[in-house]
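Take a look at the structure below.
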Amino acid sequence: MHADNFFVPSFREAVRENTEESFRSIMTEPSPGVFAFEMLQPHFCGLLLSEKILKSGFMKQKFRIMRPNTMNKHGAVLDDFGLETMLDKLMEDFVRPLSKAFFPEVGGSTLDTHHGFVVEYGMDRDVDLGG
Numbered sequence: 001m002h003a004d005n006f007f008v009p010s011f012r013e014a015v016r017e018n019t020e021e022s023f024r025s026i027m028t029e030p031s032p033g034v035f036a037f038e039m040l041q042p043h044f045c046g047l048l049l050s051e052k053i054l055k056s057g058f059m060k061q062k063f064r065i066m067r068p069n070t071m072n073k074h075g076a077v078l079d080d081f082g083l084e085t086m087l088d089k090l091m092e093d094f095v096r097p098l099s100k101a102f103f104p105e106v107g108g109s110t111l112d113t114h115h116g117f118v119v120e121y122g123m124d125r126d127v128d129l130g131g
């Protein structure tokens, strides 16, 4: 995983410094305990979406794609596309430092699993978070 290809510079720098102050410098807190910040490069998001769109038709014909949850019908778990190793690295190197700084009371530094997925929204797809 080459961080320059995936993450915006401000996020990479905050993680490199790895302090609560560096993380807070890139965040807003719209509600207590809810943090918003830029993380992924737009071109990476496009690649991720194209992987889902390109492979989903092929994969659904040959393999069963696991739905991400019971609320969404038009989504896919990223592990089904071979992204488990990437998500493990993302969690270990980038998410865990954030969770350690902001959520230590709920085991923030001990995260060891993930559940990454995408959902396709649209008129003939899922229309909201609840499906």
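Per this note's numbering, the sequence shown starts with residue 1, numbered consecutively.
Cβ coordinates follow ideal geometry from the N, Cα and C atoms, glycine included.
Mark Ala-36 as exposed unless 16 or more other C-beta atoms lie within 10 angstroms of its C-beta, in which case mark it buried.
Taking the first residue of the sequence shown as 1, we reach residue 36 at position 36. Exposed, by the Cβ-count rule.
I need the DSSP call for Thr-113, collapsed to helix, strand or coil.
Within the sequence shown, the letter at position 113 stands for residue 113. Thr-113 falls in the coil class under three-state DSSP.
Distance, Cα to Cα, Gln-61 vs His-74?
Residue 61 sits at position 61 when you count from the first residue of the sequence shown. Residue 74 sits at position 74 when you count from the first residue of the sequence shown. Any reading at Gln-61 needs caution, since the residue's pLDDT is 46, under 50, leaving its predicted position unreliable; the model's value is listed next. Spanning the two alpha carbons is a distance of roughly 15 Å.
If distances are taken between C-alpha atoms only, which option among Ala-76, Leu-78, Lys-100 comes closest to Phe-23?
Taking the sequence shown and counting its residues from 1, the one referred to as residue 23 is at position 23. Put simply, of Ala-76, Leu-78, Lys-100 the residue whose alpha carbon is nearest the alpha carbon of Phe-23 is Lys-100.
May I ask you to list the residues that DSSP assigns as paired with Asp-28?
Counted from its first residue, the sequence shown places residue 28 at position 28. For clarity, residue 28 is Thr in the given sequence; the question names Asp instead. Its beta-bridge partners are Ala-36.
Of the choices Ser-109, Phe-102, Leu-111, whose alpha-carbon is the least far from that of Glu-20?
The residue you call residue 20 lines up with position 20 of the sequence shown. Closest by alpha carbon: Phe-102.
Can you tell me whether Gly-75 is helix, strand or coil according to DSSP?
In the sequence shown, the residue the question calls residue 75 occupies position 75. Of the three classes helix, strand and coil, the one that applies to Gly-75 here is strand, per DSSP.
Rounded to the nearest angstrom, how far is the Cβ of His-114 from that of Met-91, given a contact under 8 Å?
Residue mapping note: residue 114 aligns to position 114 of the sequence shown, counting from 1. Residue mapping note: residue 91 aligns to position 91 of the sequence shown, counting from 1. Confirmed, about 5 Å.
When you compare only the Cα positions, how much space is there between Val-15 and Val-127?
Here residue 15 corresponds to residue number 15 of the sequence shown, with the count starting at 1. Here residue 127 corresponds to residue number 127 of the sequence shown, with the count starting at 1. Between the C-alpha atoms of Val-15 and Val-127 there is a straight-line separation of about 34 Å.
In its own chain, which residues sit with a C-beta less than 6 Å from the C-beta of Leu-83, not counting the 5 before and 5 after it?
Here the question's residue 83 lines up with position 83 in the sequence shown. So no residue of the chain qualifies.
For Leu-48 and Met-39, what's the separation of their Cα atoms in angstroms?
The count along the sequence shown starts at 1 and reaches residue 48 at position 48. The count along the sequence shown starts at 1 and reaches residue 39 at position 39. So the alpha carbons of these two residues sit roughly 14 Å apart.
What number of angstroms, rounded off, separates the C-alpha of Asp-93 from the C-alpha of Asn-18?
Taking the first residue of the sequence shown as 1, we reach residue 93 at position 93. Taking the first residue of the sequence shown as 1, we reach residue 18 at position 18. Taking the straight line joining both Cα atoms gives about 10 Å.
How big is the Cα-Cα spacing for Lys-89 and Pro-30?
Position 89 of the sequence shown, counted from the start, is the residue given in the question as residue 89. Position 30 of the sequence shown, counted from the start, is the residue given in the question as residue 30. About 28 Å.
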